[in-house]
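Working notes, structure below.
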Amino acid sequence: MSEQTDTKKPGLRKSRVGVVTSTKMEKTIVVEYVARVPHPKFKKIVKKSKKFYAHDENSAAKVGDKVRIVETRPLSKLKRWELAEVLSH
(Lines of atoms letter the chains of each structure in order from A and count residues from 1; the text may use other names and numbers.)
(Lines give C-alpha, C1' and ligand atoms only; values in the text may rest on other atoms or scores of the structure.)
Protein backbone atom coordinates (compact mmCIF):
# COMPACT_ATOMS: atom_id res chain seq x y z
CA MET A 1 0.00 0.00 0.00
CA SER A 2 1.17 3.51 -0.76
CA GLU A 3 1.61 6.03 2.04
CA GLN A 4 -0.70 9.00 2.19
CA THR A 5 0.84 12.41 2.54
CA ASP A 6 0.19 14.38 5.71
CA THR A 7 -0.65 17.59 3.87
CA LYS A 8 -4.35 18.35 4.01
CA LYS A 9 -6.16 20.82 1.82
CA PRO A 10 -8.32 23.13 3.88
CA GLY A 11 -11.96 23.03 2.86
CA LEU A 12 -13.61 25.97 1.22
CA ARG A 13 -14.64 28.50 3.80
CA LYS A 14 -18.12 29.99 3.68
CA SER A 15 -18.28 33.71 3.14
CA ARG A 16 -21.10 36.12 3.94
CA VAL A 17 -21.71 39.83 3.33
CA GLY A 18 -23.70 41.67 5.96
CA VAL A 19 -24.12 44.87 7.95
CA VAL A 20 -22.51 45.46 11.35
CA THR A 21 -25.19 45.96 13.99
CA SER A 22 -23.06 46.07 17.16
CA THR A 23 -19.44 46.72 18.17
CA LYS A 24 -19.94 46.91 21.94
CA MET A 25 -17.76 43.89 22.72
CA GLU A 26 -13.97 43.87 22.58
CA LYS A 27 -12.61 42.37 19.34
CA THR A 28 -16.10 41.12 18.40
CA ILE A 29 -18.70 42.46 16.00
CA VAL A 30 -22.27 41.37 15.39
CA VAL A 31 -23.12 41.10 11.69
CA GLU A 32 -26.66 40.78 10.36
CA TYR A 33 -26.86 38.70 7.20
CA VAL A 34 -30.02 38.84 5.07
CA ALA A 35 -30.69 36.01 2.62
CA ARG A 36 -33.42 36.10 -0.01
CA VAL A 37 -34.85 32.57 -0.19
CA PRO A 38 -38.03 31.10 -1.68
CA HIS A 39 -40.75 30.14 0.79
CA PRO A 40 -40.89 26.32 1.03
CA LYS A 41 -44.60 26.04 0.22
CA PHE A 42 -45.59 29.21 -1.62
CA LYS A 43 -42.32 29.86 -3.53
CA LYS A 44 -42.49 33.61 -2.95
CA ILE A 45 -39.09 35.20 -2.27
CA VAL A 46 -38.83 36.18 1.40
CA LYS A 47 -36.01 37.75 3.41
CA LYS A 48 -34.44 35.62 6.12
CA SER A 49 -32.01 37.31 8.49
CA LYS A 50 -29.42 35.81 10.82
CA LYS A 51 -26.91 37.30 13.26
CA PHE A 52 -23.29 36.18 13.24
CA TYR A 53 -20.67 36.95 15.89
CA ALA A 54 -17.36 37.67 14.15
CA HIS A 55 -13.81 38.27 15.38
CA ASP A 56 -12.48 41.77 14.59
CA GLU A 57 -8.87 41.87 15.86
CA ASN A 58 -8.17 45.55 15.09
CA SER A 59 -11.69 46.94 15.66
CA ALA A 60 -11.76 48.07 12.02
CA ALA A 61 -15.53 47.82 11.54
CA LYS A 62 -18.05 50.33 12.82
CA VAL A 63 -21.84 50.11 13.18
CA GLY A 64 -23.52 50.38 9.78
CA ASP A 65 -20.50 49.17 7.77
CA LYS A 66 -20.99 46.59 5.06
CA VAL A 67 -18.48 43.78 5.73
CA ARG A 68 -17.39 40.38 4.45
CA ILE A 69 -16.92 37.64 7.05
CA VAL A 70 -15.44 34.17 6.56
CA GLU A 71 -15.87 30.94 8.47
CA THR A 72 -13.14 29.95 10.93
CA ARG A 73 -12.54 27.52 13.77
CA PRO A 74 -14.60 28.12 16.94
CA LEU A 75 -13.07 31.03 18.85
CA SER A 76 -15.60 31.11 21.70
CA LYS A 77 -19.08 29.83 22.53
CA LEU A 78 -20.70 31.91 19.77
CA LYS A 79 -17.85 33.13 17.53
CA ARG A 80 -17.20 31.00 14.44
CA TRP A 81 -16.53 33.80 11.93
CA GLU A 82 -13.85 36.42 11.40
CA LEU A 83 -13.79 39.75 9.60
CA ALA A 84 -12.26 39.46 6.13
CA GLU A 85 -12.72 43.03 4.89
CA VAL A 86 -14.75 46.20 5.30
CA LEU A 87 -16.56 46.80 2.01
CA SER A 88 -18.10 50.23 2.66
CA HIS A 89 -18.63 52.71 5.48
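Just so you know, we're using the numbering used here here: the sequence shown kicks off at 39 and counts up by one. All residues carry an ideal CB built from backbone N, CA and C; glycine is no exception. Just so it is clear, the structure is predicted and the values come from calculations on it, not from any experiment.
Does the beta-carbon of residue i have 16 or more other beta-carbons within 10 angstroms, so that it is buried, or is it exposed?
i           : result
residue 121 : buried
residue 136 : As displayed, the chain neither begins before 39 nor continues past 127, which places residue 136 out of reach and without an answer.
So what's residue i in DSSP terms, helix, strand or just coil?
i           : result
residue 76  : strand
residue 110 : coil
residue 93  : strand
Return the chain-ordered list of same chain residues with a C-beta closer than 8 Å to the C-beta of residue i, the five sequence neighbours on each side being excluded.
i           : result
residue 123 : 105, 106
residue 76  : 82, 83, 84
Flag this pair as yes or no: are the beta carbons of residue i and residue j separated by less than 8 Å?
i           : j           : result
residue 162 : residue 72  : Not covered by the structure: residue 162. The range shown for the chain is 39 to 127.
residue 91  : residue 59  : no
residue 163 : residue 100 : In the structure displayed, the chain extends from 39 to 127; residue 163 sits before or after that span and is not available.
Report back the beta-carbon spacing between residue i and residue j to the nearest angstrom; my notes put them in contact at under 8 Å.
i           : j          : result
residue 89  : residue 70 : 6 Å
residue 125 : residue 55 : 7 Å
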